[in-house]
Amino acid sequence: MSNQRSTTRDERFTQGLEVLRRVDGEAGQRVIDSLADISPELGHQIVSWGFGEIYARPQLAPRDRQLVTLGMLTALGGCEPQLEVHVNAALNVGLTPEQIVEALLHSAGYCGFPKALNATFVAKKVFAERGLLPVGDQPADQAPTAP
903 MSNQRSTTRD
913 ERFTQGLEVL
923 RRVDGEAGQR
933 VIDSLADISP
943 ELGHQIVSWG
953 FGEIYARPQL
963 APRDRQLVTL
973 GMLTALGGCE
983 PQLEVHVNAA
993 LNVGLTPEQI
1003 VEALLHSAGY
1013 CGFPKALNAT
1023 FVAKKVFAER
1033 GLLPVGDQPA
1043 DQAPTAP
């Protein structure tokens, strides 16, 4: 028998929304908002289950969850819009552009150059939008830090 108290649908959503905002920031909220007129339930499940249940688990640090997510989205391919959100999230939780680029380079050996290239170009777009190009050329005081 579990000692964890049961939570309501609304409580899971509230917890998930807090985690979503901490990890994905505005980009995550835009994804949820974009589902409002087509599948609000999918948005609810992403927040409640994905962030309220999975991302909230303490067994992996947020930066480690983002490294795993970047690798999986790269390997899947065709997930560039989601990869864009998660490159931003990786920066939000303390990964540096250099660490993100290294993770994407590492993925080439496991999922091939085309997928690694696609992911790297997504990262380049995000870095450009955030003023982080060229990678490796940022002063130490501009490097993202963990919240």
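To convert, note that position 119 of the sequence shown is 1021 in my numbering; the numbers rise steadily by one, no gaps. Even for Gly, the Cβ is constructed at its ideal location relative to N, Cα and C.
Return the residue from the list Val987, Gln961, Leu962 that minimises the CA-CA distance to Leu972.
Val987
From which residue to which residue does the alpha helix (DSSP H) around Val1037 run?
It is not in any alpha helix (DSSP H) - Val1037 carries neither H nor E in the DSSP assignment.
Buried/exposed call for Asp1059, threshold 16 Cβ in 10 Å:
Residue 1059 is absent from the structure shown; the chain starts at 903 and stops at 1049.
Alpha-carbon spacing of Leu978 relative to Tyr1012, whole angstroms
11 Å
Quick one: is Ala1025 buried, meaning 16 or more other Cβ sit within 10 Å of its Cβ, or exposed?
By the beta-carbon neighbour count (other beta carbons within 10 angstroms, threshold 16), Ala1025 is buried.
Pairs of beta-carbons, one from the region 944 to 956 and one from the region 909 to 920, closer than 8 Å: are there three or more?
Contact between the region 944 to 956 and the region 909 to 920 is present, with at least three C-beta pairs closer than 8 Å.
Is the CB-CB distance between Ala992 and Leu1006 below 8 Å?
No; because the gap between Cβ atoms is not below 8 Å, this pair is not in contact.
Answer yes or no: do Asn990 and Val1028 have a C-beta to C-beta separation smaller than 8 Å?
yes
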